Structures are given as structure tokens and as C-alpha cells.
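Trainee:
Residue numbers (the working numbering): 229 to 945.
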């Protein structure tokens, strides 16, 4: 037998712990259960003078000094322990990362030779760790003897100081204690231990029904509630046992015990008013698990609308498990408009989960009022709520009754759900809906504008068509392309020309081009007149599109006048397009225009004009060609020469050529001689002879002689 001084020495100088096998990885409850069959040898203090309060204080102080340090943690213990320290009376503990180690000094007796017990207890942490301190404090403060305490602690082992003896068969020893113990606490603790072992089940089932009165008749509320919970969880099939225990505890002054007893009886269908009231009181219990049990129990015995309303209210409980239990119950209720006030409150709750639950419940009510509340959540701040609302309405479908609310939502803007609302509106063909959708074509969000385009497209009216034409010039390419595709599917007429005119004058060349490609399907003079100005556009693609649209179209007097107006356009490419178009119908007015264009500053325009008028043998054309004999550009000059070949010259033309025949430029004189030589005119012959008499250039002389010869031959001279 070790002396107590040795115990002090060992604790103070060598605190190396070897935890007993039973203590390893046990939770708090299992730890207490094990104490029922673990015995500690007592160490008597041989010298009475050592059994003083001063000795006890010294021991405690040494323990504290060794086990606590704010800066470095426990100085006498393994460095892995946390520097957390607490005490209950003469009991101290250190909390490590995975366990509690308790130092307990127990003094028994007041005589001159008392017995002291030095105990060191280690308990590993688990889900019960938070409860352990409270349980520990409760035990050390209870009025029990040291003999009782030593049987309620899980004991560790201090090297060379405290010896622990343990039965080889723990379960057998525990079973024996359960059958023979006079301690009501043992019933609970050992039952829990045995219930964790398959071998102990039968013993508990047989022994506990005989022993439960030890608890129900005791003064300990803690163990009463624990017993009821134990039987509910582990022996729920024993309905009679549950009822007996619940009936025995329902008069308890402790609210928690009475409420759990009432819940237990309500679960068995007992509808007594007292039981019902206790169950209702449990709905306000501070423990969430009790509230959840109460919700289900009340549902089991509900008999009035007030009972149902109480369950409705629990759907807003702060604990999700309680709220979900209430929701699961309400899901099976036949819901009507009478329930909408509370459900509406849920749909406006601060919690998005509650709002989502609210509208899911409202979806069970097939009324316009319920639909209106669901639609409100289309603009919810949380995407999951919006998604839920949209899914509900997708399955539910819309009627004309929802149009006003849909319009309001569509105009609210600022959210992706706005697009879904627009899609819903598109199914209705009323003027009010169309006007709303047309208004949304100007929304600040391109996605909204695009969605509106797709829905406006479904309306075949001219109003819809005009609105779509306007969006062909949208700043966003996706919106513009969608509108263009929609317009191109429709049959167009002069009615839409004003909208197209706006497109054709747009600053964006792509928009002007799209406008041309769409308007060309309108086969009217008015459409042609709208396109014509674009042949002189600053952008080549636009000019090309305009020419493509006009090619093959019938050109009348009105369109001819419009084209002629452009013959003096400042852009050469535009003037060239004018020649291309007007030369298809060489009316006198067109010929006069082309003759004027042979005087253009651009040689390409002069060339095109010459080639165009070369198709006609009109006298004024020939006269103009003769005037162009001195053309400076070789290509134009060649075209003029080609155009003059084979023409019949009048006296007026011969006089023009005679003027060239007397020009200072020998080349022009030679050309004039050649052209005069193609005639059969006496006047031409006279002009040629007169010029030959005074001509000094040999090349021109040759040309004159040949021309005279040719004319004389035709005249038969």
C-alpha cells in the first residue's frame, strides 16, 4: 500500500499517465458506466498530522502549478495538451486536443485518521464532449460520500501511485451490477453501456423494466429524462413500458420531463387535453429536438383548426430540422385560400429557404390568388427562389387573368426572370401585351430586347412588323440579327416603308445594308425609289446591295428621274451606278443625261457614258462623239473612235468635222479626214480638197488624199 506522501511525490514530480484500457476512446456516459465495476485501492495516511487541510491545499496547488501555463501550456505534461484549465471545488482538469484529464482529491471521514483518494481520470472526446463538463460538475457537487464517488468516476492510472483492478469480462460484471445495484444511476449508465454491445441487449430488455422505478421514484430529474429518452430510443417497441414510464413522469414539476412524457403518450394516440396542452407547450421548448418531437406529436392528435395553425407556425421555427418536420406535415394538408395569409408571410420571409418552401406549398392551391403570390417571386433576390417559382408556373401554365401581373413583372426589369415573363406574355395576342413587348424592345438590357423580339415576332400584325424593323438597327448585333431574321420571314408592303427609310439613313453601314436586303422584297415603285439613293452610298457593300436590289426591277419614269438626279453625285462610284441603271432604257432624257456625263471629270465615267450612248445612232449622240475627238484619255478616245465608226454624218456633223479639219493639232486633222472619208457628201469632199490645198503635214496629206478618193468613189466621180 502506497503512502499518500508518495502519491503527492508521484503527482508533483512524475506526471506520466498510462490510461487504463477501459478509459481509452470512451464517451462520457460509457465512462461512468465502467466505474460501476472498477475498484480503486484506498491509500490511508498513516500520520494524522498529514491529514490536514493544509496538506490537501498543498496537493491541489502543486497540481495546478504543474498543469497550467498561459504561455507554454502544462509544464509537467506532454506538450500536446492544450493550455485550458478549470476546477470544480477540489477537482481540477486539463483539456487536451482529444481528451479530458481530471485530478480529484477525495477525503472521507472527519476522524483523526481520514481516508484520502487521489484519482486521475482521462476521458476521450466525442459528440458528448460538450456535455461532459456539466455532468462532471453535477456529480462533484452532489451530496454523496466518497464511496459513492469512487464508483461513479472512470479512473485512469498514475504510475506507481494508483492501481486499478478491472474484471476480465466487463459485460458480465456490468450485468451483475445492473441486477444487484441499489444505485438508480447505475440503471441508466449500465443500460447505455450494454446497449452498445450486442451481448448486452437481452439483459437490458429483461432487467430494465424491473428497475426503471428506481429512477422514476427518485429525486433526480437528470436521470428521469435520461431514462425516458433511453427507453424511447432503445426500447421503442415496448409500448407498454413507454406508457408506464411516461405516465409515471408526466406529473413531474420539471417542464422538460412532463413535456417529453406527454409527447410519448401523444405518439401513442392519447388525446387527453392535459397531454395535448403539454405537447403544445413543448412547441416553445428551448431545445430544438423537443420542438421537433412536439410538432410530430401534435400532428398525431390534432383535432381543431387551431392545432393545424400551430403546426403551420412551426414552419418558421429558427431550427431547420423543426421547420422541415412541420413542412413535411403541412405538405399532406389539404391547402386552400384560407391558408394563403400565413403562406404569403412565408413567401416574404427574410430566409430564402423559407420563401422557397412557402411558394412550393402555395403551388398546391390552384387558385388565381395563389398564382399571383407565386408570380411575385419571379423577382426574388435569390436565384433558387426564382427558379422554384418559374418551375411551378411552367407546370401550372398561365391564363389571361395573369396578364396584368405579368406585364407589371416584365416592366420591373433588372433580372433574368424578366425574360421568362416576356416569354410567358408572348403566348397572348392582345393589344396590351403587344404594346408591352414593343416597349421592352427598348429595354436597357440586350437580353431583354432579344427576348422581346422573339415574342413580338409571334404577332403577325403590321404594328409588330414596324416595331421589328426598327430593331434591325439595334446597337447589339444579336438583337439586330434576331429582328432582321424575324422581318425577313414576314410579307412586307409599302406600309412599312417609313420604318425602312429610317434604317436606310442609319449611320451604321451594316444597318443600311440589312434594310436594303429586306426592302427589296417589296416590289413597288415606292420601294425602288427608297433604294435608289443608296447606289451612291459611302460604303461599297451598301452600294453593291443597292445595285443588286435594283437590278431586274422595272424602272419607270419616276425612278428614271430619281436616278438622273444622282448623275451629278459627288461620288464617282455612285455616278457609275447611275450610268449602269439608266443605260438600260435609252430614253431621250436618259441620252441627254449620258451626253452630259461624257463631260465628267473622271475618265472612267466618261468612258462608261460613251459606251452607253454608243448604243444609239441619235444625231445628238453623234454630235457629242465628234466633239470628243480630242479626248485626252486614250481609253475614252478609243471608245469614241469605235462609237463613231459606221455612223451616218449629217451636214451639221460634217461642219463639226470640218472644224476639226482646220485645228492646229495635226492628229485631230487626220482623224477628221478619216471620218469625212466615210461619207458620200459633196460638202465633205469640198472640205477635204480645200484642206489639202493648204495642208503642210505629210501624214495628214496622206489621210486627206485617201478620204477624197473614198468620197469621190461613193459619189461616182
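From the three backbone atoms N, C-alpha and C, an ideal C-beta is built for every residue, glycine too. Fair warning: this is a prediction, and the values are worked out from it, not measured in the lab.
1) So does the segment 576-594 actually touch the segment 605-620, counting three or more Cβ pairs closer than 8 Å?
2) Suppose you measure from the CA of residue 458 to the CA of residue 466; what does that come to, to the nearest Å?
3) Within the continuous alpha helix (DSSP H) that includes residue 709, where are the two ends?
4) Could you check the C-alpha separation between residue 828 and residue 787 for me, to the nearest Å?
5) So, with DSSP's three-state summary, where would you put residue 750?
6) Report the rounded CA-to-CA distance for residue 805 versus residue 831, giving the unit in angstroms.
7) Suppose the cutoff is 8 Å on Cβ atoms and the five residues either side in sequence are ignored; what does the same chain contact list for residue 908 look like?
8) Which residue comes first and which comes last in the alpha helix (DSSP H) that contains residue 611?
9) Could you give the residue range of the alpha helix (DSSP H) that holds residue 881?
10) Which same chain residues end up closer than 7 Å to residue 747 when comparing Cβ atoms and leaving out the 5 residues on each side of it in sequence?
11) So, with DSSP's three-state summary, where would you put residue 856?
12) If residue 660 sits next to residue 693, beta carbons under 8 Å apart, how far is it from one beta carbon to the other, in whole angstroms?
13) Determine the closest residue to residue 541 out of 521, 531, 573, with distance taken between C-alpha atoms.
14) From 593, 857, 824, pick the residue whose C-alpha is nearest to that of residue 558; which is it?
15) Leaving out five residues before and five after residue 704 in sequence, what residues of the same chain have Cβ atoms less than 6 Å from its Cβ?
16) Please state the DSSP three-state secondary structure of residue 440.
17) Please tell me whether residue 665 and residue 650 are closer than 9 Å, where the distance is taken between their beta carbons.
18) Among residues of its own chain, excluding the 5 on either side of residue 931, which ones have a beta-carbon nearer than 7 Å to its beta-carbon?
19) Rounded to a whole number of angstroms, what is the C-alpha to C-alpha distance between residue 629 and residue 492?
20) Which residue's Cα is closest to the Cα of residue 520: 825, 745, 473, 495?
21) Reducing DSSP to helix, strand and coil, say where residue 496 ends up.
22) How about residue 867 and residue 845: do their beta carbons lie closer than 9 Å?
23) Please return the same chain residues whose Cβ sits closer than 6 Å to the Cβ of residue 585, not counting the five positions on each side in sequence.
24) If you draw a straight line from the C-alpha of residue 799 to the C-alpha of residue 742, how long is it?
25) Rounded to whole angstroms, what is the Cα-Cα separation between residue 911 and residue 733?
26) Exposed or buried, what is residue 764 when buried is set at 16 or more other beta-carbons lying within 10 Å of its beta-carbon?
27) Who are the Cβ neighbours of residue 936 in its own chain at under 8 Å, not counting the five residues just before and after it?
28) Need the endpoints of the alpha helix (DSSP H) that residue 693 sits in, please.
29) Quick test of your reading: residue 696 and residue 681, contact by CB under 8 Å. State the CB separation rounded to the nearest angstrom.
30) Closer than 8 Å by C-beta to residue 513: which residues in its own chain qualify, once you throw out the five before and the five after it? Chain order, please.
31) Below 8 Å CB to CB, which residues in the same chain sit around residue 688 once its five sequence neighbours on both sides are set aside?
32) If residue 477 and residue 444 are in contact, beta carbons under 8 Å, what's the gap, nearest whole angstrom?
33) Using only alpha-carbon positions, find the residue among 671, 701, 657 that is nearest to residue 685.
34) Report yes if the C-beta distance between residue 715 and residue 700 is below 9 Å; otherwise report no.
Mentor: Well, looking at it:
1) Touching, yes.
2) Position 230 of the chain shown, counted from the start, is the residue given in the question as residue 458. Position 238 of the chain shown, counted from the start, is the residue given in the question as residue 466. C-alpha separation (whole angstroms): 12 Å.
3) Taking the chain shown and counting its residues from 1, the one referred to as residue 709 is at position 481. Unbroken alpha helix (DSSP H) run through residue 709: 705-716.
4) The residue you call residue 828 lines up with position 600 of the chain shown. The residue you call residue 787 lines up with position 559 of the chain shown. Rounded to whole angstroms, residue 828 and residue 787 show a C-alpha spacing of 22 Å.
5) Residue numbering aside, residue 750 sits at position 522 when the chain shown is read from its first letter. Looking at residue 750 - three-state DSSP - the assignment turns out to be coil, as it is neither helix nor strand.
6) Here residue 805 corresponds to residue number 577 of the chain shown, with the count starting at 1. Here residue 831 corresponds to residue number 603 of the chain shown, with the count starting at 1. Rounded to whole angstroms, the gap between the alpha carbons of residue 805 and residue 831 is 15 Å.
7) If you number the chain shown from 1, residue 908 lands on position 680. Annotation for residue 908: 939, 942, 943 place their beta carbon closer than 8 Å to its own, counting only its chain and skipping 5 residues before and after.
8) Residue numbering aside, residue 611 sits at position 383 when the chain shown is read from its first letter. For residue 611, the uninterrupted alpha helix (DSSP H) run begins and ends at 611-624, by DSSP.
9) Numbered from its first residue, the chain shown carries residue 881 at position 653. That run of the alpha helix (DSSP H) goes 879-889.
10) The residue labelled residue 747 in the question sits at position 519 within the chain shown. So the list reads 728, 755, 758, 759, once near-sequence residues are dropped.
11) The sequence position of residue 856 within the chain shown is 628, counting from 1. Collapsing the DSSP output to three states places residue 856 in coil.
12) Sequence index remark: in the chain shown, residue 660 carries index 432 (1-based). Sequence index remark: in the chain shown, residue 693 carries index 465 (1-based). Going by Cβ atoms, the distance from residue 660 to residue 693 rounds to 19 Å, so no, they are not a contact pair.
13) As a working mapping, residue 541 is identified with position 313 in the chain shown. Answer by Cα proximity: 573.
14) Your numbering for residue 558 matches position 330 in the chain shown. For the residues 593, 857, 824, the minimum Cα distance to residue 558 belongs to 593.
15) For this step, residue 704 is matched to residue 476 along the chain shown. Result list for residue 704: 674, in chain order.
16) In the chain shown, residue 440 corresponds to position 212, counting from 1. Here residue 440 sits in coil by DSSP.
17) For the purposes of this step, residue 665 is taken as residue 437 along the chain shown, with counting starting at 1. For the purposes of this step, residue 650 is taken as residue 422 along the chain shown, with counting starting at 1. With respect to the 9 Å criterion, residue 665 and residue 650 are classified as neighbours on the basis of their beta carbons.
18) Counting from 1 along the chain shown, the entry for residue 931 is found at position 703. Correct list, in chain order: 898, 901, 902.
19) Translated into positions along the chain shown, residue 629 becomes position 401. Translated into positions along the chain shown, residue 492 becomes position 264. Near 49 Å, if we compare the C-alpha coordinates of residue 492 and residue 629.
20) Numbered from its first residue, the chain shown carries residue 520 at position 292. The shortest Cα separation from residue 520 among 825, 745, 473, 495 belongs to 495.
21) Against the chain shown, residue 496 aligns to sequence position 268. Coil.
22) Here residue 867 corresponds to residue number 639 of the chain shown, with the count starting at 1. Here residue 845 corresponds to residue number 617 of the chain shown, with the count starting at 1. At a Cβ-Cβ threshold of 9 Å, residue 867 and residue 845 do not count as neighbours.
23) Translated into the one-based positions of the chain shown, residue 585 becomes position 357. The residues 555, in chain order, have a CB closer than 6 Å to that of residue 585 in the same chain once the five nearest residues on each side in sequence are set aside.
24) Against the chain shown, residue 799 aligns to sequence position 571. Against the chain shown, residue 742 aligns to sequence position 514. Taken atom to atom, the span from the alpha-carbon of residue 799 to that of residue 742 is near 22 Å.
25) Locating residue 911 in the chain shown gives position 683, counting from the first residue. Locating residue 733 in the chain shown gives position 505, counting from the first residue. One C-alpha to the other measures close to 58 Å.
26) Translated into the one-based positions of the chain shown, residue 764 becomes position 536. That one is buried.
27) On the chain shown, residue 936 is found 708 positions in, with the first residue counted as 1. Cβ neighbours of residue 936 beyond the five flanking positions: 905, 913, 916, 917, 920.
28) Position 465 of the chain shown holds residue 693. In the DSSP assignment, residue 693 falls within the unbroken alpha helix (DSSP H) covering 690-698.
29) Sequence index remark: in the chain shown, residue 696 carries index 468 (1-based). Sequence index remark: in the chain shown, residue 681 carries index 453 (1-based). With 8 Å as the limit, residue 696 and residue 681 qualify as a contact, their Cβ atoms being about 7 Å apart.
30) Within the chain shown, numbered from 1, the residue matching residue 513 stands at position 285. These residues qualify, in order along the chain: 483, 484, 487, 519, 522.
31) What you label residue 688 is simply residue 460 of the chain shown in a count that begins at 1. The beta carbon of residue 688 sits closer than 8 Å to the beta carbons of 718 from its chain, once the five residues preceding and following it are set aside; these are given in chain order.
32) Walking along the chain shown from the start, residue 477 turns up at place 249. Walking along the chain shown from the start, residue 444 turns up at place 216. Right, the Cβ-Cβ distance comes to about 6 Å (below 8 Å), so this counts as a contact.
33) To locate residue 685, count along the chain shown from 1; it is residue 457. Among 671, 701, 657, the Cα nearest to that of residue 685 is on 657.
34) The count along the chain shown starts at 1 and reaches residue 715 at position 487. The count along the chain shown starts at 1 and reaches residue 700 at position 472. In this structure, residue 715 sits near residue 700, with a CB-CB distance shorter than 9 Å.
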